[in-house]
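Undergrad: Quick one: this structure, given as structure tokens, is what I'll be asking you about.
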Amino acid sequence: MASSGLHDEEGGEDDEYEAQADFQPIVPLPDLIETGEEGEEVVFKERCKLYRYDKEAREAKKRGVGDIKILRNSNGLYRCVMRREQVHKLCTNFLIRAGMTITEKDNSEKVALLNCRDFSEEAGGREETLFIKFKSSVERDAFIATYREGIASDS
Numbered sequence: 001m002a003s004s005g006l007h008d009e010e011g012g013e014d015d016e017y018e019a020q021a022d023f024q025p026i027v028p029l030p031d032l033i034e035t036g037e038e039g040e041e042v043v044f045k046e047r048c049k050l051y052r053y054d055k056e057a058r059e060a061k062k063r064g065v066g067d068i069k070i071l072r073n074s075n076g077l078y079r080c081v082m083r084r085e086q087v088h089k090l091c092t093n094f095l096i097r098a099g100m101t102i103t104e105k106d107n108s109e110k111v112a113l114l115n116c117r118d119f120s121e122e123a124g125g126r127e128e129t130l131f132i133k134f135k136s137s138v139e140r141d142a143f144i145a146t147y148r149e150g151i152a153s154d155s
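Mapping of the sequence shown onto the UniProt record's numbering: position 16 corresponds to residue 16, and the numbering continues sequentially without gaps.
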């Protein structure tokens, strides 16, 4: 049987043959992007769905799905940030200040309800009512406790 040079006589591959492939990326990826969260400590992080209440339509509208975080900076101020999964666009971004309130939604054990001045879409911020739906009541309760800790630290 004639040999093609790629296989040895026993049917295995030739020891001298080495694949030469040079792959170039189709789209170059950007360097790591600074998010503004680098100097802050993550005190809470959990996956959730975020909704905002639209007063004109009188209904809750979905803002996104992703990890919601409560961050603490070096001055002791707390901030709530959430980015949409995959695209990492901001869903919400606001400081947790004294006088803010957070409650459990009456008819759901997984949902927290809060009012805030959200800076994720407008530079000057906009007053929003947000619904945050977690996987379980345990996660929701942990979020509420951390949120209240942030309120107390601003007093």
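Note that beta-carbon positions come from the ideal geometry of N, C-alpha and C, so glycine has one too.
Given a cut-off of 7 angstroms, decide if Ile96 and Gly150 are closer than it, judged by their beta-carbon atoms.
TA: In the sequence shown, residue 150 corresponds to position 150, counting from 1. In the sequence shown, residue 96 corresponds to position 96, counting from 1. A contact, by the Cβ cut-off of 7 angstroms.
Undergrad: Would you call the segment 101-113 and the segment 70-82 in contact, with 3 or more CB pairs under 8 angstroms?
TA: no
Undergrad: Return yes when the Cβ of Lys62 is within less than 7 angstroms of the Cβ of Val81, no when it is not.
TA: Along the sequence shown, one-based indexing puts residue 81 at 81. Along the sequence shown, one-based indexing puts residue 62 at 62. With a cutoff of 7 angstroms on beta-carbon distance, Val81 and Lys62 are scored as not near each other.
Undergrad: Below 7 angstroms CB to CB, which residues in the same chain sit around Lys45 once its five sequence neighbours on both sides are set aside?
TA: Your numbering for residue 45 matches position 45 in the sequence shown. Hits under 7 angstroms: Asp67, Lys69.
Undergrad: First and last residue of the beta strand (DSSP E) that includes Val27?
TA: The residue you call residue 27 lines up with position 27 of the sequence shown. Run containing Val27: none; DSSP gives neither H nor E here.
Undergrad: If we ignore side chains and look at the alpha-carbon of each, how far apart do residue 159 and Ala21 end up?
TA: Outside the displayed span of the chain (1 to 155) sits residue 159, for which this structure offers no information.
Undergrad: For Ile68, which residues does DSSP report across the bridge?
TA: For this step, residue 68 is matched to residue 68 along the sequence shown. DSSP output for Ile68 lists Glu46, Met82 as bridge partner(s).
Undergrad: Starting from Glu104, follow the beta strand (DSSP E) in both directions and report where the run begins and ends.
TA: Here residue 104 refers to the residue found at position 104 when the sequence shown is read from its first residue. Start and end: 102-104.
Undergrad: Rounded to a whole number of angstroms, what is the C-alpha to C-alpha distance between Arg140 and Val42?
TA: In the sequence shown, counting from the first residue as 1, residue 140 sits at position 140. In the sequence shown, counting from the first residue as 1, residue 42 sits at position 42. Distance between the alpha carbons of Arg140 and Val42: 16 angstroms.
Undergrad: Return the Cβ separation of Glu37 and Val65 in integer angstroms, given the expectation that the two are a contact with Cβ distance under 8 angstroms.
TA: Locating residue 37 in the sequence shown gives position 37, counting from the first residue. Locating residue 65 in the sequence shown gives position 65, counting from the first residue. The pair is not a contact, with the Cβ atoms about 19 angstroms apart (cut-off 8 angstroms).
Undergrad: Per the DSSP calculation, Thr129 is bridged to which residue(s)?
TA: Residue 129 sits at position 129 when you count from the first residue of the sequence shown. In the DSSP output, where bridge partners are listed per residue, Thr129 has Asn115.
Undergrad: With 16 as the cutoff for other CB atoms within 10 Å, does Ser120 come out buried or exposed?
TA: To locate residue 120, count along the sequence shown from 1; it is residue 120. Label assigned to Ser120: buried.
Undergrad: For Asp54, name the three-state secondary structure that DSSP assigns.
TA: On the sequence shown, residue 54 is found 54 positions in, with the first residue counted as 1. Three-state result, Asp54: strand.
Undergrad: Determine the extent of the beta strand (DSSP E) in which Asn75 is found, giving its start and end residues.
TA: The residue you call residue 75 lines up with position 75 of the sequence shown. Premise fails: Asn75 is in no beta strand (DSSP E) and is neither H nor E.
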